[in-house]
Each structure stands twice: as structure tokens, then as C-alpha cells.
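Chains as they are written, first to last, in our numbering: chain L, 4 to 354; chain R, 4 to 354.
Here is the structure:
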């Protein structure tokens with residue numbers, strides 16, 4: 004392994020970025036100057052989003068590899084561009100590193116970043132590399148475009164609109180629970196082991212049959228395909244958001260900003276088989292996991308009721324409810340017909 | 004003081020940003036959705052730059068107030084936009100907070116941010132607020148514009164071009180040395196004090212006659228005025244960079260990327276009187292402080308020799324040397340005529 008200080012800041016940036024090839028005509032100049040230089044056509048709107056991820060708060064390096072972390076860090080930002088109905092074109096990447104990291108670690112991180120960017124046609128155009136006195140901090144800014152006037156906000160939902168969600172929910176959260184459980188088991192075994200032989204004999208957890216949950220937690224996929232499918236079907240959603248903090252929390256954002264209420268149906272919430280099995284095994288409420296788990300990075304959107312048939316024909320999109328007038332509030336209708344008021348029990352990083 | 008957890012993430016962001024008024028026609032939508040939405044004319048290029056600032060590495064809260072820190076965090080990013088010859092229009096602001104911070108602290112930080120943004124006509128359009136297990140992390144992305152084809156890179160300097168720098172150098176570094184010295188004195192007094200009365204009697208350091216040094220360290224000003232003056236004088240620099248890591252380091256960036264060498268003259272390096280006095284008092288080499296101190300946020304640029312007269316007439320810009328062919332290397336000519344090869348001894352955050 005190689006010490007980062009042997010390269011210095013500029014050397015490290017150069018090492019990590021020198022093989023980057025720019026793909027987009029909207030990118031005039033990437034890494035290597037005071038700014039990246041971009042060029043967007045007049046008929047486009049430019050979308051900008053940013054996220055700051057802190058070790059020990061947003062990720063745990065005891066179970067996520069740096070390559071997965073690079074991939075996920077990029078993906079969560081690309082997801083925000085798709086959530087506006089846009090196409091991401093560039094990202095900048097800033098990282099603050101503590102001494103425990105080596106050049107090879109950063110290569111792994113960049114491999115993950117590049118994998119995500121290549122899959123989504125995105126250029127890495129700049130950033131900052133510096134040191135941290137404690138863990139790793141990652142800040143990514145994504146930039147994208149959409150046709151002028153076509154950005155999809157959270158505030159456009161109207162009464163009678165249909166509420167739709169892509170993919171399935173709760174799996175990333177159950178993946179997180181699984182990893183946390185296995186981490187605890189592992190540490191207990193380490194503690195109990197008295198000899199080297201005993202330590203060597205500690206088995207790695209067996210995740211077979213749970214691969215989907217781990218993938219959803221460690222390698223989320225931003226839904227570019229859904230944005231394209233909506234365009235191709237001629238559907239312009241009235242509102243859209245990505246599911247990062249949990250379905251409840253995102254629905255409340257849409258309803259609050261659109262000044263309306265909603266009803267969604269428990270039986271319609273899309274849940275994968277592995278998610279259901281894991282919730283059962285862990286004795287957790289499945290609907291709660293799907294409603295409040297978060298990190299699904301699926302798209303939640305509303306469409307006019309006239310688009311009902313078009314939505315029915317869309318692959319991997321499910322109609323889960325409808326928008327009501329504001330005075331009716333926001334509620335989940337359970338399988339037995341009871342109404343439960345939605346609450347944002349999503350993850351609060353400030354608590 | 005009020006606990007941040009009482010507001011939660013969305014509450015805190017709302018509290019800090021609800022009074023923000025958008026100033027620029029290039030800003031269509033600011034804080035409050037998945038992305039900010041911007042609109043740039045076709046005859047412009049979009050500039051993007053980002054910085055990640057970590058407590059204990061880039062700033063020390065024992066002597067910088069959060070208001071100053073907010074101001075400085077914005078300013079160092081705006082400086083990168085000016086360094087391309089552009090005008091900043093938007094910033095996004097992400098902060099990760101540990102538990103020691105209260106709502107009022109964040110209000111102070113935002114007051115500083117807003118002060119900087121108002122002075123430079125910049126909109127705060129988004130960001131992220133989250134928690135940190137340790138200190139404060141700040142990530143700012145600045146976005147700006149320049150006329151198409153007019154962005155000033157680091158790689159355009161040519162043999163015989165004149166090297167110019169705005170303002171004066173080394174003052175921010177001497178301000179830093181002064182603050183570090185007084186911090187040490189203060190801690191020694193605290194340690195030595197045995198009673199409350201003795202602790203109460205510890206005097207605050209007297210900074211009179213050093214105000215300029217402190218201001219340069221804590222409240223740097225990005226040189227918008229110089230970019231405007233250059234445009235008005237009809238000068239298009241062949242290369243430009245801002246002095247964040249020290250004059251030597253920045254000159255080497257320009258020369259390396261432009262494939263040329265340079266000669267600069269010690270006697271021409273602009274230095275303020277207070278900087279000189281402080282260096283003398285601290286027994287430090289004044290030229291070294293000016294060459295390698297960093298954090299000046301002045302603009303360093305090159306112009307064709309034909310612009311000599313125009314440059315002479317520019318207020319607050321000094322001609323310090325000229326560009327040579329690459330084989331001659333980069334050197335400082337001292338007052339006695341000796342040549343010293345330039346070395347990037349600027350601050351390396353990764354060491």
C-alpha cells in the first residue's frame with residue numbers, strides 16, 4: 004500500500020483523474036483548472052444538486068467497500084437529477100481523507116465513481132482532495148439538464164392525480180438491518196475468541212438468498228430508465244421526487260409543497276420477496292420498513308388521471324394511490340380498510 | 004441557545020434559507036426541491052468549482068467566528084470563478100455538524116455566507132445539512148458564467164507575456180501566524196492560572212496595528228473588481244489563477260500547464276507594511292511569507308507584452324515578472340540579482 008503524502012494533493016488528483024475521458028458536448032473543460040467549464044444550450048435548464056456524506060453517519064466502512072461507496076455516492080446524486088426529470092451530465096467530487104487511507108483506497112473509490120458515471124454518461128469534471136482529522140467526508144455535486152420548462156418539481160401535484168412509484172421499496176433498509184446484525188455477530192465472535200486459531204475459525208456471514216437486499220443497500224441504481232420511459236410514453240409527471248428518506252417522508256414533501264393530501268394503499272406498495280422474508284425473520288413490520296426505510300432511490304411521482312392507461316403499460320412502475328384535497332390530510336389505507344396518518348419517520352441525520 | 008434536533012434537517016434548512024431572495028435571472032428555482040434549476044444563455048459558458056473545508060484542517064474555531072467562517076467559505080469559492088475571468092451567480096452550501104453546534108451558530112454561519120453572497124450578487128440555491136461525528140465540514144460549490152470562449156485558463160501563458168498580481172501578498176499568512184501565537188499565549192495563561200480571579204484577569208490579545216493582517220486571514224475579499232477592471236481596460240489575460248496556496252505554487256501551475264518558464268523579481272512583489280513589520284517581529288523571512296504563505300485570494304495573471312501600458316494604468320495591479328521559454332525554468336530574482344528556483348512550498352493538506 005502507498006502513502007498518499009508521497010503524491011501530495013495535486014499528484015493524487017492527477018493520478019486519480021488523468022485517465023478520465025470527457026463524454027459530453029456540454030463539458031468544455033474538466034479537471035485541472037480553477038473551475039470546470041460547461042456549455043448548455045439555451046433551450047435547456049441546468050439542474051444542480053449536492054450531497055455531503057460523512058463516515059460513521061452515512062456509511063460504515065466495516066461493511067461497505069470503497070468501490071461500492073464511490074458508486075453509491077455518485078448514484079445518490081444522479082438520482083436527484085432524475086427526480087427533476089433531467090439527465091445528469093457532470094459531477095464534481097470532493098473528498099477529505101484521514102491518515103488511514105492509502106492511494107489504493109482512493110483508486111477503489113474512483114473505480115466505483117467511474118463505474119456509476121460511465122453507466123449514466125456522466126463526466127467527472129472537478130473536485131477537491133484534502134485531509135480530515137477523523138474519518139472520510141465525501142461531497143458530490145451533480146449537474147444535469149432538462150428541456151426548458153420541463154423540470155418536474157415537488158409542488159405540481161393536483162387533486163385526483165395518480166401517485167406512482169418505480170421498483171420496490173424497503174429492500175435497502177432490510178439490507179442495512181442485515182449488515183448491522185451480522186456486524187454485531189462478528190464483533191461478538193471476535194471478542195469471544197481467545198486464540199489465533201479461534202479467530203481464524205470465525206466464519207464470514209452467509210448472505211445467500213439475501214443478495215438483492217445487499218445490492219439495494221450497497222449498489223443502488225438511479226432510475227434513468229424510468230425518466231426515459233416516461234418521456235417515450237409522453238407522460239409529463241405533475242410532481243416527482245426520489246425516495247431517499249422513505250416513502251412517507253417523500254409523499255409528505257410532495258403534498259406539503261403542492262398543498263394537497265393523499266391516500267395510498269398498503270396492498271399496492273411494491274415489495275420484493277426477499278424484503279418480506281427478511282422482515283419476517285427479524286420480526287419487523289414490513290409496511291413500516293417499506294414506508295420509512297429509505298435509501299431506495301426509486302422515483303415517486305404523480306400524473307394526471309388521464310394518463311391512467313399509459314401508466315398501466317409502463318414496466319416497473321406501480322400505481323399506489325391518489326392525490327386528494329389538502330383538508331383530507333395524508334393517509335395510508337391498510338389492507339383491512341383502516342386509515343393511518345402518514346408521518347415522516349424517515350431517518351433524521353440531525354437527531 | 005437552541006438544539007438543532009428540535010428543528011430537524013428540513014426545519015433547519017427552511018429556517019436558514021426561507022428569507023433568501025433570488026437576485027439573478029439565471030436562477031429559476033433555489034432551495035427546496037431535489038435540484039436547483041438554473042438557466043444560462045447560449046452565449047455564455049458555465050463555470051463550476053467546489054471546495055471542502057474541514058474543521059481542524061482548514062479552520063480553527065478557537066479564533067475564527069462562525070460568521071467569518073461563512074463569509075470566508077463563500078469567498079474562497081467565488082475567487083475560483085473570478086480566476087477564470089467569470090462572474091459568480093449561485094452557490095450551494097452543504098454542512099455537516101457535530102452536536103456542539105446550536106441553531107444560533109448556524110444562523111451566524113449563514114449571516115456570513117449571505118454577506119459574502121450579497122456583496123457579489125450571488126444566490127444561495129441549495130445544499131445539504133447533515134450531522135458529523137466530529138467537527139464541522141463545509142462543502143461549497145460555486146457556479147458562474149463567462150462569455151463563450153472568454154474563460155481564462157491556466158494554460159495560455161506564452162513567452163514574453165507579463166506576469167501580474169493584484170493587491171498584496173503574505174498578509175493572510177502573517178495573520179495566521181499572529182493568531183497561532185496568541186492562541187498559544189492564551190492557553191499557557193489558562194494553564195498557569197490557579198484561581199478564578201487569575202483566570203478572569205487573563206487579558207485578550209491586543210491586535211491594534213495588526214487589523215489588516217487579521218482581516219486578510221479571516222475576511223478575504225475575492226477580486227471581482229479586478230475582473231471588471233480588466234474587462235473595462237480591454238485586457239484579456241492569457242492565463243489566470245487565484246493565489247490560494249501561495250504565489251510560488253500558483254506560478255508553477257501556470258508555467259507547467261502553459262509549458263513555459265518564468266522570472267519574477269523579489270523587489271516587485273507587493274507586500275503591505277503590516278506584513279513586513281510582523282515578519283520582522285516574528286523573525287521570519289518576508290519574501291518566503293509572500294511567496295509561499297497562501298490564502299491571499301489575489302489574482303495572478305499573464306498578459307501579452309503589448310498590454311504593458313494598459314496594465315501600468317490599472318489600479319492595484321502590479322507587474323512582477325515575465326514568462327520565458329520552458330527550458331529556462333521558473334525562478335525568483337532576488338534584490339542582489341541571484342536566481343532561486345521556485346518551489347511549491349505551499350500548504351499541503353495531505354501531509
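Even for Gly, the Cβ is constructed at its ideal location relative to N, Cα and C.
query: 8 angstroms Cβ cutoff met for residue 7 of chain L and residue 106 of chain L; result: yes
query: Residue 172 of chain L beta carbon less than 8 angstroms from that of residue 301 of chain L; result: yes
query: Cβ-based burial, residue 235 of chain L [other Cβ within 10 Å; buried from 16]; result: exposed
query: Backbone secondary structure at residue 150 of chain L - three-state DSSP; result: strand
query: Contact with chain C by residue 45 of chain R, beta-carbon distance below 8 angstroms; result: Absent from the structure: chain C. Protein chains present are L and R.
query: 8 angstroms Cβ cutoff, residue 31 of chain R in contact with chain L; result: yes
query: Selection of the stretch 78 to 108 of chain R by Cβ proximity to chain L, strictly under 9 angstroms; result: 82, 83, 84, 85, 86, 87, 89, 93, 95, 96, 97, 98, 99 and 100
query: Residue 33 of chain R versus R:130, R:174 and R:170, residue with shortest Cα-Cα distance; result: R:130
query: Chain-ordered neighbours of residue 135 of chain L on chain R, where CB pairs are closer than 7 angstroms; result: 57 and 60
query: Boundaries (first-last residue) of the beta strand (DSSP E) holding residue 343 of chain R; result: 342 to 344
query: For residue 58 of chain L, the nearest candidate out of R:211, R:135 and R:157 (CA to CA); result: R:135
query: Beta-bridge partners of residue 242 of chain R, as assigned by DSSP; result: R:305
query: C-alpha distance - residue 185 of chain L paired with residue 65 of chain R, whole-angstrom precision; result: 41 angstroms
query: Boundaries of the alpha helix (DSSP H) in which residue 197 of chain L is found, first to last residue; result: Run containing residue 197 of chain L: none; DSSP gives neither H nor E here.
query: Segment contact, 8 angstroms Cβ cut-off, at least three pairs: the stretch 165 to 180 of chain R with the stretch 81 to 95 of chain R; result: no
query: The beta strand (DSSP E) enclosing residue 24 of chain R, as first and last residue numbers; result: Unbroken run through residue 24 of chain R: none, as it is neither H nor E.
query: Under the three-state DSSP convention, the category residue 126 of chain R falls into; result: strand
query: With 16 other Cβ atoms within 10 Å as the buried cut-off, status of residue 208 of chain L; result: exposed
query: Close Cβ partners of residue 307 of chain L (< 7 angstroms) along its chain, the five nearest in sequence each way excluded; result: 164 and 241
query: Cα-Cα separation, residue 3 of chain R to residue 99 of chain L; result: Missing from the structure shown is residue 3 of chain R; chain R here goes from 4 to 354 and no further.
query: Check whether residue 122 of chain L and residue 94 of chain L have beta carbons under 8 angstroms apart; result: no
query: Residue 304 of chain R to residue 328 of chain R span [Cα, whole Å]; result: 17 angstroms
query: Minimum Cβ-Cβ distance from residue 41 of chain R to chain L less than 8 angstroms; result: yes
query: Exposed unless 16 or more other CB atoms sit within 10 angstroms - verdict on residue 338 of chain L; result: exposed
query: For residue 94 of chain R, the three-state DSSP class (helix, strand or coil); result: strand
query: Beta-carbon spacing of residue 82 of chain L, residue 245 of chain L below 8 angstroms; result: yes
query: Per DSSP, cross-strand counterpart(s) of residue 105 of chain R; result: R:6
query: Spatially closest choice to residue 355 of chain L from L:28, L:284 and L:230, by CA coordinates; result: Any property of residue 355 of chain L remains undetermined from this structure, which presents chain L solely from 4 to 354.
query: For residue 342 of chain R and residue 326 of chain R, the rounded distance between their alpha carbons; result: 15 angstroms
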